[in-house]
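**Student:** Chains as they are written, first to last, in the numbering used here: chain A, 211 to 393; chain B, 3 to 524. Before I ask anything, here is the structure I am working with.
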Amino acid sequence: MPPSPGLFYQVHFYLFGLLAIASALAFVTRKSPIAAALWLVSVMFNLAALYVMMDAHFVGAIQVLVYAGAIMVVFLFVVMLLNLGHADELSDIRGTWGRIAAGAVGLALLAQIMAMSRTRFLSVLQPPTNPVFGGPPDRGAIGTVAQPLFTEHLLAFELTSILLLTAIVGAVAVGKRKGANDT
Amino acid sequence: MRLLALAGFAQVEAGRTLDLSDPASLSFAIMPELVLCAGAMVMLLVAAWRPEGAAHSRRVALGSMVVALLSLVAVLFMQWQGHAAGPGPIAVDGFRWSSDVVFLLATVIAIGLSMDYNTREGINAPESHVLVLLATVGMMVMAGARDLMVLFLGIETMSVAVYVLVGMNRRSARSAEGALKYFLLGAFSTAFLLYGIALVFGATGSTNLSVIGGRIGALSMGDSPMLLVGIALLLVGFAFKLAAAPFHMWAPDVYEGAPTPITAYMAAAVKAAAFAAFLRVFIEAFGHLYESWHAAMWWLAALTMFAGNLIALQQRNLKRMLAYSSIGHTGFLLVAATAATSQVAGAFLFYLLAYTLATMGAFAVIIALGTGEHPRERVEDYHGLWTEKPGIAIAMAVFMLAMLGFPVFGGMGFFAKWYVLQAALDAAAPQFRLAIMLVLATTISAGYYLYVVMVMFMKPRPEQATPLPVVGVMSRAVIYAAVVVLLAFGVFPDPVVRWSRNGTELRPAMPPAAALPVPLGR
């Protein structure tokens with residue numbers, strides 16, 4: 211019989227479970243397609259957290275990468291290109307203070323990336339021990355995928371992002387030309 | 003990534019062998035691509051910064067040209083340093099750098115021609131210049147790829163960008179038709195390539211060209227049906243990208259429909275990139291199986307030469323004629339590829355440079371003389387050009403003679419054909435019959451190249467002809483620069499010959515026998 215999960219585990223299980231249900235409800239009740247899509251992303255993230263808690267690391271990572279990352283972003287792009295969203299319902303960043311705040315967050319993220327790329331903590335830091343059952347560090351199935359992805363196939367991995375960028379620029383260029391020329 | 007490249011730059015001395023498993027060395031090995039990528043992203047931001055307009059579009063075009071030139075400087079720097087690379091996903095050799103020089107040259111010319119053309123046609127799309135840069139990134143990756151996955155990503159990056167560029171003129175039904183046709187057939191040929199890659203991987207257990215070549219050589223896998231089917235599918239996929247007969251059907255419609263600068267870019271750079279990747283894959287990975295694919299390539303070369311040149315004879319639209327002529331040139335280059343000696347790369351690169359200059363020059367003339375209402379794509383529009391624009395007429399004559407391979411007046415064109423013939427005849431298995439066919443096909447091509455020259459100089463200008471426009475600055479610069487380079491290197495070809503032959507040999511891969519891993523499933 212497996213050891214019973216502790217309070218820490220239970221609190222997080224209910225937290226993510228309730229968040230997932232709440233996001234799902236918000237998703238079906240929103241009127242703006244963009245807001246609905248973003249709530250669906252939230253559902254995906256919470257489900258991913260639940261998967262990770264069940265030690266299914268790979269499924270969790272794929273859930274975030276494929277569903278939240280790829281499919282929903284593509285969905286949002288389609289919405290954006292087809293102009294389905296209503297401009298007044300979107301809380302876009304307006305005004306000087308909004309711009310300053312956005313710039314500050316951007317700079318903070320940039321500083322974080324710079325700091326992470328300069329420190330060499332990865333070789334020093336030990337992988338965390340399994341939070342639920344204790345025991346040796348567990349990289350799960352992700353390690354087997356991540357290892358060749360970021361060593362042997364690093365170039366192919368980076369080139370894929372260039373390919374996606376090209377495809378997005380192309381899609382926007384083709385999508386927006388129509389309105390500009392037909393009027 | 004750029005910081006890493008600079009860090010690598012400080013560490014690496016000239017002429018060293020780069021260890022591609024180290025990220026800093028890998029970044030250094032792809033420095034020209036990184037410069038181009040970073041520049042393309044900066045230009046993308048610049049393009050999105052202001053509302054669209056003709057002036058803004060020109061600004062982005064100028065910036066993109068600067069970015070391409072910076073990348074060209076990086077390529078020349080790498081070529082001058084002469085590094086080599088250990089096993090890895092990308093090759094660091096003279097063949098890659100020399101091919102990159104041709105692509106970047108074509109990129110700069112194409113963006114320059116786009117500036118004139120887009121202003122005239124009212125295409126205010128600054129992103130189009132960025133897409134040209136991104137397509138060039140894909141081409142440079144293709145020329146260097148030593149891994150089938152990296153190669154595939156390069157091909158797709160190039161193709162996706164070019165699909166969009168073909169359809170950039172949204173007011174033209176032909177442009178849309180060309181883009182759709184190219185997209186569908188491109189996707190179709192991609193499926194062939196991918197299936198071929200999968201089968202080759204299944205047979206050899208690797209996507210790395212050196213490993214594939216080494217395993218094929220060591221295990222004499224010539225009788226593996228899975229491998230042979232994989233090679234055949236790769237050949238078909240590449241033949242589509244090269245527009246080699248009988249897989250050339252898409253080319254004329256796409257070339258005619260695309261905006262003319264993009265047609266020039268496709269005829270020169272896209273074809274060159276596909277050829278560079280094709281040569282590297284078939285010599286480095288499948289060089290040991292020469293007997294197996296030789297016959298298929300032989301027929302491909304023969305068919306392409308005659309189909310391209312014979313159909314071009316009947317064309318009266320100059321863009322279509324040049325499209326078929328470019329198919330014919332694919333055939334000539336395939337003759338060199340069929341010989342598959344290590345010197346093929348030199349002949350190929352020389353031919354490529356001459357062909358790129360002549361093709362882009364000829365398209366530049368079409369762009370220079372066209373206007374929105376009168377595209378001037380028919381041969382009749384060129385009757386008596388000599389009397390109105392003698393300079394342009396002489397330039398066009400030089401381009402036509404260069405493509406024909408005429409001595410002296412055709413400049414580099416003559417030597418280009420000569421070196422291809424030499425490569426075909428000097429090979430271990432001399433291609434006598436193909437060489438004779440090449441000469442015959444060239445004679446056929448004289449029928450349409452000289453016809454254009456003849457109407458320009460000997461036919462009178464029709465009286466009801468509308469006056470020709472003032473030639474744009476960029477078009478004029480491209481036309482005369484191409485003429486000067488073609489003629490100058492036609493008289494003194496030695497520097498280009500050295501450039502194209504120095505360290506560009508491609509050889510079948512041969513890893514040390516002791517370190518040979520056993521492929522999967524054996």
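Note that the Cβ used here is the ideal one computed from N, Cα and C, for glycine as well.
Answer yes or no: does any C-beta atom of chain B fall closer than 8 Å to that of histidine 222 (chain A)?
**Tutor:** no
**Student:** Which residues in chain A sit within 8 Å of serine 130 (chain B), going by Cβ to Cβ distance?
**Tutor:** Ala383, listed in chain order.
**Student:** Output, in sequence order along the chain, the residues in the region 231-257 of chain A whose CB is closer than 8 Å to any CB in chain B.
**Tutor:** Of all residues in the region 231-257 of chain A, none is placed with a Cβ closer than 8 Å to any Cβ belonging to chain B.
**Student:** Which residues, taken in chain order from the region 166-192 of chain B, show a beta carbon closer than 7 Å to some beta carbon of chain A?
**Tutor:** Answer set for the region 166-192 of chain B: Val166, Gly169, Arg172 and Arg173.
**Student:** Is glutamine 81 (chain B) buried or exposed, if buried means 16 or more other CB atoms sit within 10 Å of its CB?
**Tutor:** buried
**Student:** Which residues in the same chain have their Cβ closer than 7 Å to the Cβ of tyrosine 277 (chain A), if we skip the five residues on either side of it in sequence?
**Tutor:** Met254
**Student:** When we look at the beta-carbon of proline 358 (chain A) and count the other beta-carbons within 10 Å, is it buried (16 or more) or exposed?
**Tutor:** When all chains shown are included, proline 358 (chain A) counts as exposed.
**Student:** Give the list of continuous alpha helix (DSSP H) stretches no shorter than 4 residues that lie fully inside the region 374-460 of chain B.
**Tutor:** 387-390, 392-406, 414-428 and 434-460
**Student:** Can you name the residues of chain A whose CB is closer than 8 Å to the CB of methionine 151 (chain B)?
**Tutor:** His363 and Ala366
**Student:** Within its chain, find whatever has a CB closer than 6 Å to the CB of methionine 458 (chain B); leave out the 5 residues flanking it on each side and keep chain order.
**Tutor:** Excluding residues within five positions, the ones whose Cβ falls inside 6 Å are Tyr384, Leu387, Trp388 and Ala395.
**Student:** Taking 8 Å as the CB-CB cut-off, is glutamate 158 (chain B) touching chain E?
**Tutor:** Absent from the structure is chain E; the protein chains it does hold are A and B.
**Student:** Could you tell me whether the Cβ of valine 94 (chain B) comes closer than 8 Å to any Cβ of chain A?
**Tutor:** no
**Student:** Would you list the residues sitting across from leucine 320 (chain A) in a DSSP beta bridge?
**Tutor:** Bridge partners of leucine 320 (chain A): none, in fact.
**Student:** Tell me the rounded alpha-carbon separation between glycine 90 (chain B) and threonine 444 (chain B).
**Tutor:** Between glycine 90 (chain B) and threonine 444 (chain B), the C-alpha separation is close to 41 Å.
**Student:** Strictly under 8 Å for the Cβ-Cβ distance: is glycine 380 (chain A) near chain B by that measure?
**Tutor:** Interface residue, yes.
**Student:** By the 10 Å Cβ neighbour count, where 16 or more other Cβ atoms means buried, how is isoleucine 323 (chain A) classified, buried or exposed?
**Tutor:** By the neighbour-count rule (16 or more Cβ atoms within 10 Å), isoleucine 323 (chain A) is not buried but exposed.
**Student:** How far does the alpha helix (DSSP H) with methionine 268 (chain B) in it reach, from first residue to last?
**Tutor:** Run containing methionine 268 (chain B): none; DSSP gives neither H nor E here.
**Student:** Would you say leucine 236 (chain B) faces chain A, with C-beta separation under 8 Å as the test?
**Tutor:** no
**Student:** With distances taken Cα to Cα, identify the nearest neighbour of aspartate 428 (chain B) among B:Ala76, B:Asn171, B:Ala342 and B:Leu195.
**Tutor:** B:Ala342
**Student:** Verify whether the separation of the beta carbon atoms of alanine 511 (chain B) and alanine 287 (chain B) is less than 8 Å.
**Tutor:** yes
**Student:** Can you tell me which of the three DSSP states leucine 20 (chain B) falls into?
**Tutor:** Correct three-state label for leucine 20 (chain B): strand.
**Student:** What does the alpha-carbon distance come out to for the pair leucine 153 (chain B) and alanine 178 (chain B)?
**Tutor:** 28 Å
**Student:** What do you get for lysine 321 (chain B), buried or exposed, if any count of 16 or more other CB atoms within 10 angstroms of its CB means buried?
**Tutor:** buried
**Student:** Would the beta-carbon of leucine 335 (chain B) fall within 8 Å of that of valine 498 (chain B)?
**Tutor:** No, the Cβ-Cβ distance between leucine 335 (chain B) and valine 498 (chain B) is not below 8 Å.
**Student:** Closer than 8 Å, Cβ to Cβ, to anything on chain A: give me those residues from the region 95-119 of chain B, in chain order.
**Tutor:** none
**Student:** Consult DSSP for alanine 484 (chain B) and reduce its assignment to one of helix, strand or coil.
**Tutor:** Three-state result, alanine 484 (chain B): helix.
**Student:** In the DSSP assignment, find the alpha helix (DSSP H) that holds arginine 98 (chain B) and state where it starts and stops.
**Tutor:** Bounds of the alpha helix (DSSP H) holding arginine 98 (chain B) are 96-123.
**Student:** Counting Cβ pairs, one atom from each stretch, are 3 or more of them under 8 Å apart for the region 259-273 of chain B and the region 118-132 of chain B?
**Tutor:** yes
**Student:** Nearest chain A C-beta to alanine 276 (chain B) closer than 8 Å, yes or no?
**Tutor:** No, no contact with chain A.
**Student:** Could you tell me the boundaries of the alpha helix (DSSP H) in which alanine 258 (chain A) lies?
**Tutor:** 243-263
**Student:** To the nearest angstrom, how far is it from the Cα of leucine 136 (chain B) to the Cα of methionine 151 (chain B)?
**Tutor:** 18 Å
**Student:** With a threshold of 8 Å between beta-carbons, can threonine 354 (chain A) be considered close to chain B, or not?
**Tutor:** no
**Student:** Can you name, in chain order, every residue of its own chain whose Cβ lies under 6 Å from the Cβ of proline 215 (chain A), other than the five neighbours on each side?
**Tutor:** none
**Student:** Classify phenylalanine 408 (chain B): buried if its beta carbon has 16 or more other beta carbons within 10 angstroms, exposed otherwise.
**Tutor:** buried
**Student:** Excluding sequence positions up to five away, which residues of its chain have a Cβ less than 6 Å from the Cβ of isoleucine 352 (chain A)?
**Tutor:** His267, Phe268 and Ala271
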